[in-house]
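Colleague: In mature numbering (1 follows the signal peptide of the UniProt record, and there is no 0), the protein residues as written are -16 to -1, 1 to 360. Beta carbons: idealized from backbone N, C-alpha and C, even for Gly. Would you mind keeping the following structure in view while I ask a few things?
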């Protein structure tokens, strides 16, 4: 799990460097000179792939991202509803369960380990620890400040890592102490029921929030780009003007000034993007029986979609970005030669090759597991 966390951290740093570099180029081309606008404008995976690897790769990345986001959102919504319904109907109050769990002996954890199953768990671990879908949002929110972005990635990713490590230690501790060979059998016991439900619900809820945040910002960029340049500029100006008036008015409700018209003019793009992200997944999760959909999508999402999007694409985009700049400099300057992005991990070719090969190996391993399962 720690190795997967380190791998994902390297990928996130690559994404941040590519995103910030393109952000600075965009601001320079627009004449902003590094000034951060009032509205949150995110450079999505589609834009990053298109600027660094070309239009065809951007189309493929868009299809993979939209499929992954809708699949994950549907799975999260279905699982959250299932957990919430069970948790509301749970009438057991178990006081001191965590203290009892931490009071158990940990010396037997190695006895219940099965290292031969590690490859099959990597996609699930990646699915649990991935946060790269909100990386563009964080880069935009922090104004392209790479030191702050790196710190936010480090601190924010350590918290779920520690939570999962503690959770694994608790489960393995119960398993070692009770003699149960499969820790999942303990989930059905009264001693673990409440903790499992609460922990699972919190994990699913936080993952759902992050996925929806990144997905809605992706749709916002696509909707903004689909508008003609005058309409897009008018939308930005309207949003910024209304935000300035709200700040000057002390943040009072739009109804107290011009009513719903002002509110809709400043938020219609956000609402449309969020509706496009939420409504389809909500309809599917509420109308179709998705009770087993969550667990079924974990290996495929982690082993294929997430590994390709957040494992193979980041080093490829970094490589393409620097290759484009090198050709721009050799061609006599130009836009790419005139602007040098932030130096960092993305300029180390051995690191890019190593991280890319690791991601490619995960995909191959998942394919071999799926092929072997089909032959059984």
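Are the Cβ atoms of residue 298 and residue -3 separated by less than 7 Å?
Modeller: Cβ atoms of residue 298 and residue -3: closer than 7 Å.
Colleague: What is the DSSP secondary structure of residue 355, reduced to helix, strand or coil?
Modeller: Helix.
Colleague: Assuming the contact rule is C-beta atoms closer than 8 Å, residue 301 and residue 33 should be a hit. Round their C-beta distance to whole Å, please.
Modeller: Contact holds; Cβ gap of about 6 Å.
Colleague: Distance check for residue 288 and residue 144, CA to CA, integer angstroms please.
Modeller: Looking at the two C-alpha atoms, the distance is approximately 22 Å.
Colleague: Quick one: what's got a C-beta closer than 6 Å to residue 199's C-beta in the same chain, skipping five residues either side?
Modeller: If we look at residue 199 and ignore the five residues flanking it on each side, its Cβ neighbours are 53 and 261.
Colleague: Nearest to residue 126 by alpha carbon, out of -9, 290 and 8?
Modeller: Of the listed residues, the one whose Cα sits closest to residue 126 is 8.
Colleague: Taking all protein chains shown into account, do 16 or more other C-beta atoms lie within 10 angstroms of the C-beta of residue 263, making it buried, or fewer, making it exposed?
Modeller: The residue is exposed, with fewer than 16 neighbouring Cβ atoms inside 10 Å.
Colleague: Inspect the CB distances between the stretch 183 to 199 and the stretch 57 to 66 and report whether three or more fall short of 8 Å.
Modeller: Verdict: yes, contact present.
Colleague: Give the straight-line distance between the Cα atoms of residue 111 and residue 13, rounded to the nearest whole angstrom.
Modeller: So the two alpha carbons sit approximately 37 Å from each other.
Colleague: Using only alpha-carbon positions, find the residue among 341, 254, -9 and -16 that is nearest to residue 206.
Modeller: Taking only the C-alpha atoms, the option nearest residue 206 is 254.
Colleague: Following the continuous alpha helix (DSSP H) through residue 123, name the residue where it begins and the one where it ends.
Modeller: Element bounds for residue 123: 119 to 125.
Colleague: For the alpha helix (DSSP H) containing residue -2, name the first residue and the last one.
Modeller: Unbroken alpha helix (DSSP H) run through residue -2: -15 to 13.
Colleague: Below 6 Å CB to CB, which residues in the same chain sit around residue 291 once its five sequence neighbours on both sides are set aside?
Modeller: Cβ neighbours of residue 291 beyond the five flanking positions: 343, 346 and 347.
Colleague: Excluding the 5 residues flanking residue 266 on each side, which residues of the same chain have their C-beta closer than 8 Å to its C-beta?
Modeller: Hits under 8 Å: 61.
Colleague: Quick check: the Cα distance between residue 151 and residue 184, rounded to an integer number of angstroms?
Modeller: Rounded to the nearest angstrom, the two C-alpha atoms are 11 Å apart.
Colleague: Excluding sequence positions up to five away, which residues of its chain have a Cβ less than 6 Å from the Cβ of residue 202?
Modeller: The residues are 28.
Colleague: Answer with buried or exposed for residue 354, where buried requires no fewer than 16 other C-beta atoms within 10 angstroms of its C-beta.
Modeller: With fewer than 16 Cβ atoms within 10 Å of its Cβ, residue 354 is classed as exposed.
Colleague: Would you decide whether residue 120 is buried or exposed? Buried here means 16 or more other CB atoms lie within 10 Å of its CB.
Modeller: Classification for residue 120: buried.
Colleague: Can you list, in chain order, the residues of its chain with a C-beta nearer than 8 Å to that of residue 130? Leave out the 5 residues immediately preceding and following it.
Modeller: The residues are -1, 1, 4, 326 and 328.
Colleague: If you check the beta carbons only, do residue 304 and residue 36 fall under 7 Å apart?
Modeller: In this structure, residue 36 lies closer than 7 Å to residue 304 by Cβ.
Colleague: Assuming residue 294 and residue 66 are in contact, meaning their beta carbons sit under 8 Å apart, how far apart are those beta carbons, in whole angstroms?
Modeller: That belief does not hold up - the Cβ atoms of residue 294 and residue 66 are roughly 27 Å apart, past 8 Å.
Colleague: List the endpoints of the continuous alpha helix (DSSP H) containing residue 34.
Modeller: Segment 29 to 37, the alpha helix (DSSP H) holding residue 34.
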